[in-house]
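Okay, structure first, notes after.
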Amino acid sequence: MLPIDAAAHSSRWRRRHPVDKAVLGLGLTVLAISLPPWPGAALILLTAVAVLLGPAGVPARQLWRAYRVPLGFCITGAVTLLVQVGGPDGFVALADGGPVRAGELLLRTSAASLGVLLFAFTTPMSDLLPRLVKAGVPAPVVDVALVTYRMSFLLLDSVRRIREAQAARLGHTTRAAAWRSLAGLGATAFVRAFDRAARLQAGLAGRGYDGTLRVLVPDARVSVRFVSVSVTLLAVLTVLTFALERPLS
Amino acid sequence: MHIAEGFLPPAHAIAWGVASAPFVVHGVRSLTREVRENPESTLLLGASGAFTFVLSALKIPSVTGSCSHPTGTGLGAILFRPPIMAVLGTITLLFQALLLAHGGLTTLGANVFSMAIVGPWAGYAVYKVLRRYDVPLMVAVFFGAFVADLSTYCVTSVQLALAFPDPGSGFLGALGKFGSIFAVTQIPLAVSEGLLTVLVMRLLVQSSKGDLTRLGVFLSGRQNRTRTAETEAVAR
Numbered sequence: 750m751l752p753i754d755a756a757a758h759s760s761r762w763r764r765r766h767p768v769d770k771a772v773l774g775l776g777l778t779v780l781a782i783s784l785p786p787w788p789g790a791a792l793i794l795l796t797a798v799a800v801l802l803g804p805a806g807v808p809a810r811q812l813w814r815a816y817r818v819p820l821g822f823c824i825t826g827a828v829t830l831l832v833q834v835g836g837p838d839g840f841v842a843l844a845d846g847g848p849v850r851a852g853e854l855l856l857r858t859s860a861a862s863l864g865v866l867l868f869a870f871t872t873p874m875s876d877l878l879p880r881l882v883k884a885g886v887p888a889p890v891v892d893v894a895l896v897t898y899r900m901s902f903l904l905l906d907s908v909r910r911i912r913e914a915q916a917a918r919l920g921h922t923t924r925a926a927a928w929r930s931l932a933g934l935g936a937t938a939f940v941r942a943f944d945r946a947a948r949l950q951a952g953l954a955g956r957g958y959d960g961t962l963r964v965l966v967p968d969a970r971v972s973v974r975f976v977s978v979s980v981t982l983l984a985v986l987t988v989l990t991f992a993l994e995r996p997l998s
Numbered sequence: 032m033h034i035a036e037g038f039l040p041p042a043h044a045i046a047w048g049v050a051s052a053p054f055v056v057h058g059v060r061s062l063t064r065e066v067r068e069n070p071e072s073t074l075l076l077g078a079s080g081a082f083t084f085v086l087s088a089l090k091i092p093s094v095t096g097s098c099s100h101p102t103g104t105g106l107g108a109i110l111f112r113p114p115i116m117a118v119l120g121t122i123t124l125l126f127q128a129l130l131l132a133h134g135g136l137t138t139l140g141a142n143v144f145s146m147a148i149v150g151p152w153a154g155y156a157v158y159k160v161l162r163r164y165d166v167p168l169m170v171a172v173f174f175g176a177f178v179a180d181l182s183t184y185c186v187t188s189v190q191l192a193l194a195f196p197d198p199g200s201g202f203l204g205a206l207g208k209f210g211s212i213f214a215v216t217q218i219p220l221a222v223s224e225g226l227l228t229v230l231v232m233r234l235l236v237q238s239s240k241g242d243l244t245r246l247g248v249f250l251s252g253r254q255n256r257t258r259t260a261e262t263e264a265v266a267r
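Structure (structure tokens):
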């Protein structure tokens, strides 16, 4: 299982309905990209960190490990805004207002990423996917996504074992050997995926498979109280952003 | 090549979502029809999605000395066709956003457009044209995967340049800026992905001929034309 999904399964908010967490987490993300980055995204960033480490109970180390990936992309992307191409200062020069634009972008992407991480760290995929049918996603697509999700872990585990076996046979010592091993890895993943699908099909056929995958979904209800508090928090952040925007600019 | 969460302004994020929607809806209809006609396809398509997800997690050595991961769009499009790849690519990108913090939900539309629509269609078009003229399978596979990877990076550069035009030279300057940054890593990566796809396909030809025949990968240009003519005759 991947670290974020494993953390979601043992989360304090695991039993909450995904809608509760979507309103809060994805609400923060939407606000992060919609409100002025300063001070809006900064406030959202602080709020998201506080909620993640506080009420949601996400361990700081796990959060950092997951967060540093998008943070790296954010920093690389923001750096490009520091320079401009063409103009009176030469072919490549420092852009006027570049640091401000880069800083704003960094704030916006960081805050938006934390909002999604709040949702991801508290909502296992196995709780989310079956409920997408009620949101209007066609059942066959949800079934394919469910099989993809469950089979991904098995395949990732297979790939890890194959890589270890290849390394033990000196399969990564030279560049040519590394390419051969990698190609073998890709091809074996394909063969195993199709083999698993065939075996799953045989097993399901023996149980009267009619084309519908029925899975048990943990019972949960949308909490009016939780959603109300989340919406209030989002409203307070919005009001605070516009109230502080002029004094802090 | 994934555009990170929150990187695009809201108007751009919505616009790319709207642009992707018809292709994804078309793919969903194809997939739904396929599953209704053949219920066992659910498992094969799920396996294909898992394969695409795992493929994008493999690290490939780049010519520049660094490591990166393949997009898998070229191989996916050749094996499963672009409409199906639009759906499988969307599912994979959703999983990457939520399980790996790679890409994002607000940028899902933009990432789907570049990686699940343009990449597979461009790569598949090149592959089909080459096969139509009876170019050897592995050569067609290489160029299919190469073009799929390269077109994905070109579209991502356009998306970023539209969102962040250069203060001095506007859209074109920004396109050059983002394009040249990506070119350093992505052109060698496109070559690497093309080579890797050929190696994977060679092994698949040896080990999974049955699966590849069922997926229609083995049809040459002449066979394809014959099959089309047969289909038309049956329809008449």
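In the order they appear, the protein sequences are chains W and P. The opening residue of the first sequence carries number 750 in the numbering used here; numbering runs sequentially from there. The opening residue of the second sequence carries number 32 in the numbering used here; numbering runs sequentially from there. Glycine included, each C-beta is placed from N, C-alpha and C at the ideal position.
Helix, strand or coil at residue 769 of chain W [DSSP, three-state]: helix
For a test of the three-state rule: what should DSSP assign to residue 262 of chain P, helix, strand or coil? With a pLDDT of 47 at residue 262 of chain P, under the threshold of 50, the predicted position of this residue should be treated as unreliable, and no value is reported.
Would you call residue 49 of chain P buried or exposed, if buried means 16 or more other Cβ atoms sit within 10 Å of its Cβ? exposed
In the DSSP assignment, find the alpha helix (DSSP H) that holds residue 797 of chain W and state where it starts and stops. 791-802
Out of curiosity, what's the CA-to-CA distance linking residue 69 of chain P and residue 59 of chain P? 15 Å
In three-state terms, what does DSSP make of residue 168 of chain P? helix
Give me the chain W residues within the contact set of residue 173 of chain P, using Cβ-Cβ distance strictly less than 9 Å, ordered along the chain. None at all; the shortest Cβ gap to chain W is about 13 Å.
CB-CB under 6 Å to residue 958 of chain W, same chain, minus the five flanking residues each way: which ones, in chain order? none
Provide the residue span of the beta strand (DSSP E) that contains residue 834 of chain W, from first to last. 832-834
So residue 842 of chain W is in the beta strand (DSSP E); what residue range does that whole segment cover? 841-843
Measuring straight from C-alpha to C-alpha, what distance separates residue 767 of chain W and residue 756 of chain W? 15 Å
Alpha carbon to alpha carbon, how far is residue 126 of chain P from residue 776 of chain W? Give it in angstroms, no decimals. 19 Å
Strictly under 8 Å for the Cβ-Cβ distance: is residue 212 of chain P near chain W by that measure? yes
Give me the chain W residues within the contact set of residue 208 of chain P, using Cβ-Cβ distance strictly less than 9 Å, ordered along the chain. 829, 832, 833, 834, 841
Please go through the same chain and pick out, in chain order, the residues whose beta-carbon is closer than 7 Å to the beta-carbon of residue 93 of chain P, but skip the five residues on each side of it. In this predicted model, residue 93 of chain P has a pLDDT of only 49, less than 50, meaning its place in the structure is not dependable; the value taken from the coordinates is given anyway. Cβ within range, chain order: 99, 216, 219, 220, 223.
Under the three-state reduction of DSSP, which class applies to residue 242 of chain P: helix, strand or coil? helix
Would you say residue 109 of chain P and residue 172 of chain P are within 8 Å of each other, going by their C-beta atoms? yes
DSSP three-state assignment for residue 197 of chain P, whether helix, strand or coil: strand
Report yes or no: do three or more beta-carbon pairs, one from the segment 820-830 of chain W and one from the segment 34-41 of chain P, lie closer than 8 Å? yes
The segment 72-83 of chain P contacting the segment 900-911 of chain W, beta-carbon criterion three pairs below 8 Å: yes
Is residue 223 of chain P helix, strand or coil by DSSP? helix
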